[in-house]
Amino acid sequence: MSKHSLLTLVAGLSILILLPFTQSNYGVFVLCSWLVYSISAMGLNLTLGYAGQVSLAQASFMGIGAYMTALMTMAGVPWPAAMIAAMVSCFVIGFLLGYPALRVQHHFLAFITLAFNALVVLVLRNEEWLTGGTYGIVGVPRPEVFGLPTQTPLAFYFFVLALFVLMAAGLYAIIRSPWGRAFKALRENPIRANSLGVDIRQTTLLAFAIGSSYGGLAGSLLAQLTQFIDPHSFGLTISLKVLLMVIVGGAGFFFGPILGALLIVLAPEFLRFTEGYYLMIYATLVIVLMVFCPTGLLGLVERARTAMKLRQNPNATTWEAGR
1085 MSKHSLLTLV AGLSILILLP FTQSNYGVFV LCSWLVYSIS AMGLNLTLGY AGQVSLAQAS
1145 FMGIGAYMTA LMTMAGVPWP AAMIAAMVSC FVIGFLLGYP ALRVQHHFLA FITLAFNALV
1205 VLVLRNEEWL TGGTYGIVGV PRPEVFGLPT QTPLAFYFFV LALFVLMAAG LYAIIRSPWG
1265 RAFKALRENP IRANSLGVDI RQTTLLAFAI GSSYGGLAGS LLAQLTQFID PHSFGLTISL
1325 KVLLMVIVGG AGFFFGPILG ALLIVLAPEF LRFTEGYYLM IYATLVIVLM VFCPTGLLGL
1385 VERARTAMKL RQNPNATTWE AGR
């Protein structure tokens, strides 16, 4: 990591530490929601942006993580064990869900993951003896970290921020590892990647599994944030919302899902002054953005940077300017 990147990272982290002190309780809640959805979007970005595997099931893994954490902590299981169990369960289920990706691709794979999302929602809604059905689960406890409660909005924010930084660091390590290069090779050309010795089967399954475990952790945190969960909170709309975060921010860029989650979570809050029109304005802005920036905001920045380098060095190729 370059010195400039490191300074930018430290500055960004400093802002995240200081920002909640300037916000009301509701503002801190919104910031927590952004961090939680960023974790889920980071997982989907690994599956979709880096490995090129289309998934519309991220909300279902959030639901599995949320319900497992809620049920286990309310039964007296310590929160670290509950959250780790949720992540491991989502990892295993995501690994199994990756098997259809070995046979079908693109929109066919999207339909399969969509069906899985619908199946999970139906189970959560119909198995009332376990999940509470449409009434959901109320009173999900927030954890105590090193003996310190996180009941207050500010304390819980820093708990979520710590996990957000930890998961972002883990994702960065994965991307910079040989596995990360294998994911990118799978996205660009599976046949060529296979000819170069990449295990396509294992790489595809791991892309689903790791991305799903991130969704499971996000669901665990969401349950503790709202302290109430129901099946409607993890339907197709939420999967599409997470997908939109990845695409708007820039699929395949490390900071893409974080920026996309920031816009998707905060934009409606800034547009509420328009009252009944804010959803229409919000949808219009998203459509315009996708028409003119199909590679997302960070993709637009990358194109501008490449164009600037080409202007400075006309003899350079587009690939050389984009490095």
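All residue numbers for the sequence shown refer to this note's numbering, where the first residue is 1085 and numbers rise by one.
Using N, Cα and C, we set each Cβ at its ideal position, and we do this for glycine too.
Could you pull out every residue in the same chain whose Cβ sits closer than 6 Å to the Cβ of residue i, ignoring the five residues on either side in sequence?
i	result
residue 1194	1138, 1140
residue 1264	1258
residue 1156	1166
What does the Cβ neighbour count give for residue i, buried or exposed, with the cut at 16 atoms within 10 Å?
i	result
residue 1354	exposed
residue 1214	exposed
residue 1314	buried
residue 1337	buried
residue 1099	exposed
residue 1372	exposed
residue 1329	buried
residue 1106	exposed
residue 1192	exposed
residue 1375	exposed
In chain order, what residues of the same chain lie with their CB nearer than 8 Å to the CB of residue i, ignoring the 5 residues before and after it?
i	result
residue 1090	none
residue 1366	1351, 1352, 1355
residue 1109	1237
residue 1223	1158, 1311, 1312
Assuming residue i and residue j are in contact, meaning their beta carbons sit under 8 Å apart, how far apart are those beta carbons, in whole angstroms?
i	j	result
residue 1158	residue 1225	7 Å
residue 1200	residue 1181	6 Å
residue 1129	residue 1335	6 Å
residue 1149	residue 1299	7 Å
residue 1120	residue 1305	5 Å
residue 1253	residue 1175	Not confirmed; about 18 Å, so no contact.
Within its chain, find whatever has a CB closer than 7 Å to the CB of residue i; leave out the 5 residues flanking it on each side and keep chain order.
i	result
residue 1229	1243
residue 1404	Residue placement at residue 1404 is poorly supported in this model, since its pLDDT is 48, which falls under 50; the coordinates are not used for a value here.
If contact is defined by three or more beta carbon pairs under 8 Å, each pair taking one atom from either stretch, is the region 1232-1247 in contact with the region 1296-1312? Yes: the two stretches touch, three or more of their Cβ pairs being nearer than 8 Å.
Evaluate the contact criterion for the region 1315-1328 versus the region 1195-1214: three or more CB pairs, one atom per stretch, below 8 Å. A contact exists between the region 1315-1328 and the region 1195-1214.
Where in the region 1281-1341 do unbroken runs of the alpha helix (DSSP H), each at least 4 residues long, occur, reported from the N-terminal end onward? The alpha helix (DSSP H) runs of length 4 or more contained entirely in the region 1281-1341 are, from start to end of the chain, 1284-1310, 1320-1333.
The region 1257-1277 touching the region 1164-1175, judged by at least three CB pairs closer than 8 Å: Judged by Cβ distances under 8 Å, the region 1257-1277 makes no contact with the region 1164-1175, as fewer than three pairs qualify.
Report the start-end ranges of each beta strand (DSSP E) in the region 1172-1209 that is 3 residues or longer and not cut off at the edges. Counting whole runs of 3 or more residues, the region 1172-1209 contains no beta strand (DSSP E) stretch at all.
Per the contact definition of three or more C-beta pairs closer than 8 Å, is the region 1232-1239 in contact with the region 1343-1354? Under the three-pair Cβ rule at 8 Å, the region 1343-1354 does not count as touching the region 1232-1239.
Continuous alpha helix (DSSP H) assignments of at least 4 residues falling wholly in the region 1204-1254: For the region 1204-1254, the continuous alpha helix (DSSP H) assignments of 4+ residues that do not extend past its boundaries occur at 1212-1215, in sequence order.
Return the chain-ordered ranges of every alpha helix (DSSP H) run that is complete within the region 1099-1185 and spans a minimum of 4 residues. Segments of the alpha helix (DSSP H) lying fully in the region 1099-1185: 1109-1128, 1142-1158, 1163-1181.
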